[in-house]
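One structure is given below, encoded as structure tokens.
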């Protein structure tokens, strides 16, 4: 009887040891799967951060280039404080455009899983965002900036405020005329 009981205890111990081994093996599998998932998630997030950082760097170079080629020369005859205000205002409008573009591209950024996807999105920035703005800014006169570059009433208001603060009534009139013609156009487009 003792030997049967000893056998039973021995078998229970084997079953217990075996179950512990199985549980431990399953824990290791689970941990390995989770580590792989976290690693993949980390890689994907790093890729997204890299894309956003590179887009930001590209935009800053683009903004500096536009500022040097278009905005600064346009206002170089103005006193320094006035020139800085105009340039900063136009740069802020450019930043707002980039922010809107980036918001639209956010979904595409989230979809990126490979370096090729990253390269494609960076090329889209070059071919879409920069190309369109370069085209809008190819005739660098104040009137053309008002006509081609400004697209929102808020942008014209910002420029109008700078003109008003610098008592540049001629330019302010241009801004107001542009906004008035846009409102007339919008009113006629809205009415049946």
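Residue numbers (the working numbering): 1063 to 1254.
The beta carbon of each residue, even a glycine, is placed where N, CA and C say it ideally should be.
To the nearest angstrom, how far is it from the Cα of residue i to the Cα of residue j?
| i | j | result |
| --- | --- | --- |
| residue 1112 | residue 1099 | 20 Å |
| residue 1250 | residue 1208 | Residue confidence is low: residue 1250 scores 33 on pLDDT, short of 50, so the model does not pin down where it sits. Its coordinate-derived value is still stated next. Distance between the alpha carbons of residue 1250 and residue 1208: 21 Å. |
| residue 1130 | residue 1201 | 14 Å |
| residue 1155 | residue 1171 | 23 Å |
| residue 1080 | residue 1097 | 25 Å |
| residue 1168 | residue 1193 | 20 Å |
| residue 1218 | residue 1150 | 14 Å |
| residue 1166 | residue 1078 | 58 Å |
| residue 1071 | residue 1093 | 32 Å |
| residue 1213 | residue 1221 | 12 Å |
| residue 1089 | residue 1066 | 34 Å |
| residue 1226 | residue 1142 | 16 Å |
Determine whether the Cβ of residue i lies closer than 8 Å to any Cβ atom of chain B.
| i | result |
| --- | --- |
| residue 1220 | Structure shown: chain B not included; a single protein chain is present. |
At a cut-off of 7 Å, is residue i close to the ligand MG when judged by its beta-carbon and the heavy atoms of the ligand?
| i | result |
| --- | --- |
| residue 1122 | You won't find the ligand MG in this model; it holds no ligand whatsoever. |
According to DSSP, simplified to helix, strand and coil, what is residue i?
| i | result |
| --- | --- |
| residue 1077 | helix |
| residue 1137 | coil |
| residue 1069 | helix |
| residue 1105 | helix |
| residue 1082 | helix |
| residue 1200 | coil |
| residue 1220 | helix |
| residue 1213 | coil |
Is residue i near residue j, with beta carbons less than 8 Å apart?
| i | j | result |
| --- | --- | --- |
| residue 1136 | residue 1204 | yes |
| residue 1175 | residue 1095 | no |
| residue 1180 | residue 1103 | no |
| residue 1148 | residue 1140 | yes |
| residue 1184 | residue 1117 | yes |
What distance in whole Å lies between the Cβ atoms of residue j and residue i, which are believed to be in contact at a cut-off of 8 Å?
| i | j | result |
| --- | --- | --- |
| residue 1125 | residue 1187 | 13 Å between Cβ atoms; not a contact. |
| residue 1163 | residue 1133 | The pair is not a contact, with the Cβ atoms about 19 Å apart (cut-off 8 Å). |
| residue 1159 | residue 1195 | 7 Å |
Starting from the N-terminal side, write out each stretch of the alpha helix (DSSP H) that is 4 residues or longer and does not extend beyond the segment 1130-1193.
Listed in chain order, the alpha helix (DSSP H) runs fully inside the segment 1130-1193 are 1142-1173 and 1177-1186, counting runs of at least 4 residues.
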